[in-house]
């Protein structure tokens, strides 16, 4: 108890330290258009938080991030398991995944704008960016499965589907979880980026874009704080779900 | 009778078995006795069908079910004790029957009250007892025991041996028992093959009737 209070106190000091650095930098620069002061940014943030539109926007952006994320989890885990077990399928998909990982996000966003309605662009982009992470982690997890356990299953003539469900899947679960946590963080970043370019009606990206156009830099910072907070919140939520899952497994 | 006939097995350049013959009597405990690395596990794996022979064949195992007690317990650590045994029985028995069998065997290995424990929470000896219960709960015709008591301390080993004897008496299966421990070999087996390498050759086939005499023979190897 005492330890956790001390830890939190430390964290608070670290946060305050960096806000102080930000304040000093903004004082040195002295131009709000380049770097607004923390005070200006937080005033904007409080302003935003009193508006109903902000919450609708947050809901839409969250929906897009999570939709892309869950789609990538579902397909990444399924395909990852299959490719992890079947080497020829791995060889077939691996080049595609490598290409997906190296294509610049901007190219994907622009292609997606040509293909989809504005609201679906961020979902597609988040999916495409998260999928390779989940797939790669799942494949590594499957490959880390203890051969001795597989031998045991062979001796006891366990059906293939049950070996996949009870041995392969559980062996790769720590890798899948780690992949999901990092994919979710990336999901938030690329969803916002895709929103900035595709400009769906309700989206954090549109507000980021507007603050640039109208030079409302404190707003830009406030929305950024919102994105970062949402990202932390959902990462924490995901980790909590995983931890409680571990307890009751 | 289970027979390996004219079996050759090589791993890369190493010829482990060459035109090798051996037989195992049904419902008896046959011991493969020899130093580590001689190829005892390979022989057992060929019997169990885990490793295919390069040449030759195995007779008398058609439609047989196998169970295996490995050197290490090989349990699924994300399942509890009960679920680990249930895992191998699911394709064999209906739910009701499984509950009865699993409870029965867990009682036999004195782990009844640990059935909801996660594998990580068990000691090495307890985990190996789960592995033994799993092997006997499974309706196998042939049981392969690959140095199952290795690494256990003296007291634990004796407990495991008497557990094994009790369980075997109850179901009298064909057992292929691998060891390089003289006491274990004499204590448990009906027939002992002494082996030397390479390629594997049978030095002697000993029927365990006079334990002292056999012991002296094994110790003199």
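Protein chains in written order, with our numbering: chain A, 1 to 249; chain H, 1001 to 1221.
Note that the Cβ used here is the ideal one computed from N, Cα and C, for glycine as well.
It should be emphasised that the depicted structure is a prediction, and the values quoted were computed from it without experimental measurement.
Task: Interface positions of the region 1061–1077 of chain H facing chain A (Cβ-Cβ less than 9 Å), listed along the chain - done: 1065, 1066, 1067, 1068, 1070, 1072, 1074, 1075, 1076 and 1077
Open item on the list: Taking the alpha carbon of residue 85 of chain A as the reference point, which residue from A/144, A/212 and A/246 has its own alpha carbon closest?
Closed with: As a working mapping, residue 85 of chain A is identified with position 85 in the first chain. Answer by Cα proximity: A/144.
Task: Interfacial residues, the region 144–167 of chain A to chain H, with Cβ spacing under 9 Å - done: 146, 148, 149, 151, 152, 153, 154, 155, 156, 157, 158, 159, 162, 166 and 167
TODO: Please classify residue 248 of chain A: does DSSP put it in a helix, a strand, or coil?
DONE: Along the first chain, read from residue 1 onward, the residue named residue 248 of chain A stands at position 248. With a pLDDT of 47 at residue 248 of chain A, under the threshold of 50, the predicted position of this residue should be treated as unreliable, though the coordinate-derived value follows. Residue state, collapsed to three classes: helix.
Open item on the list: Considering only the alpha carbon of each residue, which of H/1063, H/1138, H/1121 and H/1202 lies closest to residue 1100 of chain H?
Closed with: The count along the second chain starts at 1 and reaches residue 1100 of chain H at position 100. Ranking the options by Cα distance to residue 1100 of chain H, first place goes to H/1138.
Task: Beta-carbon spacing of residue 116 of chain A, residue 127 of chain A below 7 Å - done: In the first chain, residue 116 of chain A corresponds to position 116, counting from 1. In the first chain, residue 127 of chain A corresponds to position 127, counting from 1. In this structure, residue 127 of chain A does not lie closer than 7 Å to residue 116 of chain A by Cβ.
TODO: Measure the beta-carbon distance from residue 1199 of chain H to residue 1015 of chain H and round it to whole angstroms, keeping in mind my assumption that it falls under 8 Å.
DONE: Taking the first residue of the second chain as 1, we reach residue 1199 of chain H at position 199. Taking the first residue of the second chain as 1, we reach residue 1015 of chain H at position 15. Indeed they touch by this definition, with Cβ atoms about 5 Å apart.
Task: Per-residue contacts from residue 175 of chain A into chain H (C-beta, under 7 Å) - done: Taking the first residue of the first chain as 1, we reach residue 175 of chain A at position 175. Correct list: empty, because the minimum Cβ distance to chain H is about 14 Å.
- [ ] Please go through the same chain and pick out, in chain order, the residues whose beta-carbon is closer than 7 Å to the beta-carbon of residue 248 of chain A, but skip the five residues on each side of it.
- [x] In the first chain, counting from the first residue as 1, residue 248 of chain A sits at position 248. Confidence at residue 248 of chain A is low in this model, with a pLDDT of 47, below 50, so the placement of that residue is unreliable and no value is reported for it.
Open item on the list: Run through chain A and tell me which residues come within less than 8 Å of residue 1048 of chain H, C-beta to C-beta.
Closed with: Along the second chain, one-based indexing puts residue 1048 of chain H at 48. The answer, in chain order, is 155.
TODO: Starting from residue 127 of chain A, trace the alpha helix (DSSP H) both ways and give me its first and last residue.
DONE: Residue mapping note: residue 127 of chain A aligns to position 127 of the first chain, counting from 1. Looking at the DSSP string, the run of the alpha helix (DSSP H) that includes residue 127 of chain A is 120–143.
TODO: Indicate whether at least one CB of chain H lies closer than 7 Å to the CB of residue 209 of chain A.
DONE: Position 209 of the first chain, counted from the first residue, corresponds to residue 209 of chain A. Not an interface residue.
TODO: Could you check what DSSP says for residue 209 of chain A in three-state terms: helix, strand or coil?
DONE: For the purposes of this step, residue 209 of chain A is taken as the residue at position 209 of the first chain. Helix at residue 209 of chain A.
Open item on the list: I'd like the span of the beta strand (DSSP E) that includes residue 81 of chain A, first residue to last.
Closed with: By 1-based counting over the first chain, the position of residue 81 of chain A is 81. No beta strand (DSSP E) contains residue 81 of chain A, which is instead part of the alpha helix (DSSP H) from 52–85.
Task: Alpha carbon of residue 14 of chain A to alpha carbon of residue 120 of chain A, nearest angstrom - done: Counting from one through the first chain, the residue named residue 14 of chain A turns up at place 14. Counting from one through the first chain, the residue named residue 120 of chain A turns up at place 120. Distance between the alpha carbons of residue 14 of chain A and residue 120 of chain A is about 39 Å.
Task: Segment limits, alpha helix (DSSP H) that includes residue 1188 of chain H - done: Within the second chain, residue 1188 of chain H is the residue found at index 188, counting from 1. 1182–1188 is the extent of the alpha helix (DSSP H) around residue 1188 of chain H.
- [ ] Verify whether the separation of the beta carbon atoms of residue 1182 of chain H and residue 1030 of chain H is less than 7 Å.
- [x] Walking along the second chain from the start, residue 1182 of chain H turns up at place 182. Walking along the second chain from the start, residue 1030 of chain H turns up at place 30. Not a contact, by the Cβ cut-off of 7 Å.
Task: Coarse secondary structure for residue 1193 of chain H, derived from DSSP in three states - done: The sequence position of residue 1193 of chain H within the second chain is 193, counting from 1. Looking at residue 1193 of chain H - three-state DSSP - the assignment turns out to be strand.
- [ ] May I ask you to list the residues that DSSP assigns as paired with residue 1085 of chain H?
- [x] Counting from 1 along the second chain, the entry for residue 1085 of chain H is found at position 85. DSSP, once it has assigned bridges, lists no residue as partnering residue 1085 of chain H.
- [ ] Provide the residue span of the beta strand (DSSP E) that contains residue 1096 of chain H, from first to last.
- [x] Taking the first residue of the second chain as 1, we reach residue 1096 of chain H at position 96. Here residue 1096 of chain H belongs to no beta strand (DSSP E); instead the alpha helix (DSSP H) covers 1095–1108.
Task: Selected residue, minimal CA-CA separation from residue 70 of chain A, among A/169, A/8, A/246 and A/234 - done: On the first chain, position 70 is the one that residue 70 of chain A refers to. Nearest option by C-alpha distance: A/234.
TODO: Give a yes or no on whether 7 Å exceeds the smallest Cβ distance from residue 1091 of chain H to chain A.
DONE: Looking up residue 1091 of chain H in the second chain gives position 91. For residue 1091 of chain H, the answer is yes, since a Cβ of chain A falls inside 7 Å of its Cβ.
TODO: Measure the alpha-carbon distance for residue 1039 of chain H versus residue 65 of chain A and round it to whole angstroms.
DONE: On the second chain, residue 1039 of chain H is found 39 positions in, with the first residue counted as 1. On the first chain, residue 65 of chain A is found 65 positions in, with the first residue counted as 1. A direct Cα-Cα distance of roughly 57 Å separates residue 1039 of chain H from residue 65 of chain A.
Task: Given residue 186 of chain A as reference, the closest of A/50, A/165 and A/134 once Cα atoms are compared - done: Within the first chain, residue 186 of chain A is the residue found at index 186, counting from 1. Minimum Cα distance to residue 186 of chain A is reached at A/134.
Open item on the list: Rounded to whole angstroms, what is the Cα-Cα separation between residue 190 of chain A and residue 1090 of chain H?
Closed with: By 1-based counting over the first chain, the position of residue 190 of chain A is 190. By 1-based counting over the second chain, the position of residue 1090 of chain H is 90. Distance between the alpha carbons of residue 190 of chain A and residue 1090 of chain H: 45 Å.
Open item on the list: Please confirm whether residue 248 of chain A has its beta-carbon closer than 7 Å to some beta-carbon of chain H.
Closed with: To locate residue 248 of chain A, count along the first chain from 1; it is residue 248. Caution is warranted here: a pLDDT of 47 is assigned to residue 248 of chain A, below 50, making its placement in the model unreliable, and the coordinate value is therefore given only provisionally. No, residue 248 of chain A lies away from the interface with chain H (no Cβ there is under 7 Å from its Cβ).
- [ ] Look at the alpha carbon of residue 89 of chain A and the alpha carbon of residue 113 of chain A, and state the distance between them as a whole number of angstroms.
- [x] Here residue 89 of chain A is taken as the residue at index 89 of the first chain, counted from 1. Here residue 113 of chain A is taken as the residue at index 113 of the first chain, counted from 1. Each residue's alpha carbon lies about 30 Å from the other.
- [ ] Determine the DSSP secondary structure at residue 1134 of chain H, reduced to helix, strand or coil.
- [x] Position 134 of the second chain, counted from the first residue, corresponds to residue 1134 of chain H. Of the three classes helix, strand and coil, the one that applies to residue 1134 of chain H here is helix, per DSSP.
TODO: Kindly give me the distance between the Cβ atoms of residue 1002 of chain H and residue 1047 of chain H, rounded to whole angstroms, as I take these residues to be in contact under 8 Å.
DONE: The residue labelled residue 1002 of chain H in the question sits at position 2 within the second chain. The residue labelled residue 1047 of chain H in the question sits at position 47 within the second chain. Contact holds; Cβ gap of about 6 Å.
Open item on the list: Relative to the C-alpha of residue 1144 of chain H, which candidate in H/1159, H/1175, H/1085 and H/1127 has its C-alpha closest?
Closed with: Walking along the second chain from the start, residue 1144 of chain H turns up at place 144. With distances taken between Cα atoms, residue 1144 of chain H lies closest to H/1175.
Task: Beta-carbon contacts of residue 1115 of chain H that lie in its chain and below 6 Å, excluding the five residues immediately before and after - done: Along the second chain, read from residue 1 onward, the residue named residue 1115 of chain H stands at position 115. Excluding positions up to five away in sequence, the list reads 1081, 1082 and 1106.
Open item on the list: With H, G and I counted as helix, E and B as strand and the rest as coil, what does DSSP make of residue 1149 of chain H?
Closed with: Within the second chain, the letter at position 149 stands for residue 1149 of chain H. Reduced to three states, the DSSP call for residue 1149 of chain H is coil.
Task: Contact belief for residue 1086 of chain H with residue 1074 of chain H at Cβ below 8 Å, rounded distance in angstroms - done: Here residue 1086 of chain H refers to the residue found at position 86 when the second chain is read from its first residue. Here residue 1074 of chain H refers to the residue found at position 74 when the second chain is read from its first residue. The pair is not a contact, with the Cβ atoms about 16 Å apart (cut-off 8 Å).
Task: Range of the contiguous alpha helix (DSSP H) that encloses residue 170 of chain A - done: Numbered from its first residue, the first chain carries residue 170 of chain A at position 170. 169–198 is the extent of the alpha helix (DSSP H) around residue 170 of chain A.
Open item on the list: Quick check on residue 170 of chain A - is its C-beta less than 7 Å from some C-beta in chain H?
Closed with: Within the first chain, residue 170 of chain A is the residue found at index 170, counting from 1. For residue 170 of chain A, the answer is yes, since a Cβ of chain H falls inside 7 Å of its Cβ.
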